[in-house]
Structures are given as C-alpha cells and as structure tokens.
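Take the sequence shown: its position 84, counting from 1, is numbered 84 in the UniProt record's numbering, and each next residue is one higher. What follows is one structure encoded as structure tokens, with my remarks underneath.
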Amino acid sequence: MGKQNKEIIDNMEFLMKELHKEWDRTGAVKASVFISLEEVEDVNKVILLRIAKQQKEVENGDITFKKSVRLSRECYILLRLARKIKTEEHRTYRNGTCYEFEVALDKDELKLFKEMFGEKVK
Numbered sequence: 001m002g003k004q005n006k007e008i009i010d011n012m013e014f015l016m017k018e019l020h021k022e023w024d025r026t027g028a029v030k031a032s033v034f035i036s037l038e039e040v041e042d043v044n045k046v047i048l049l050r051i052a053k054q055q056k057e058v059e060n061g062d063i064t065f066k067k068s069v070r071l072s073r074e075c076y077i078l079l080r081l082a083r084k085i086k087t088e089e090h091r092t093y094r095n096g097t098c099y100e101f102e103v104a105l106d107k108d109e110l111k112l113f114k115e116m117f118g119e120k121v122k
C-alpha cells in the first residue's frame, strides 16, 4: 500500500505542476481596461490584498482539496493580471507620453477584474 500511496502523491504533484503551467498562460483577449497612472497604485493594492486574503485562507483554513485548487487557480490569474498591469505601467512611464494605459484581458482576468473594479471595464 505504501508504494501505491507514493505513486498517487507523485501523480498529484505532477498534475498540480501541469495545472500551474496552464494557469500561468493568458488566453485570447476578450476586453481591455484603461487604468490611469493616478489609479494604478490603488488597483495594484486591491489585487495584492485579494491574493494575500486567499493565501491566508489556504494556510489557516481547513478547506477541501477542490476549494484549495480553485483558490490556487484564482491566485495565478490575479498574479497574471498584476504582471500585465505592471508591464503596461512601466511601458507608459518609459514612453512618458500618456497618463493612462490599456491592459488587454482574457476571459478569466476580465471576470476577476469586473468583480474587483466593475465600473472600470470598457
């Protein structure tokens, strides 16, 4: 039974690694949002607080495997979103020509962005 348990654990670890790779990839663009340079700090804070809240829930809570995977997936999407925003923010500062920038979002990123900032989606 020990060998079988080890094989199950190894398979689950492999599955999670593959899921993490998949979740780290962005999908097809569904919408764009515009963020002003004045707002970007607040937007980043909201995203980071949501990630921290979910991380805390995973670490402190007695949650099911399903919920753990769901929270992990959402954190990957939020991190992907944060990277996109940071990239566009740096590009805008470097160019010095605009006071706002556009961020292209896939369907998962768009869904989470709407949950956090519904009125900003265009």
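Even for Gly, the Cβ is constructed at its ideal location relative to N, Cα and C. Keep in mind it's a predicted model, so treat the numbers as computed, not measured.
Ranked by Cα distance from Val69, the first of Leu19, Phe117, Val46 is Leu19. Under the 8 angstroms Cβ criterion, the stretch 6 to 14 does not count as touching the stretch 45 to 54, having fewer than three qualifying pairs. Going by DSSP, Glu57 is part of the alpha helix (DSSP H) stretching over 40 to 60.
Ranking Met116, Thr92, Asp106 by CA distance to the CA of Gly27 puts Asp106 first.
Under the 10 Å beta carbon count, Phe14 is surrounded by fewer than 16 other beta carbons and is classified as exposed. For Ile35, the uninterrupted beta strand (DSSP E) run begins and ends at 31 to 36, by DSSP.
One Cα belongs to Glu115, the other to Ser32, and the distance between them is close to 15 angstroms.
Excluding the 5 residues flanking it on each side, Leu37 has same chain C-beta neighbours closer than 6 angstroms at Tyr99, in chain order.
A direct Cα-to-Cα measurement between Gly118 and Arg83 gives close to 20 angstroms.
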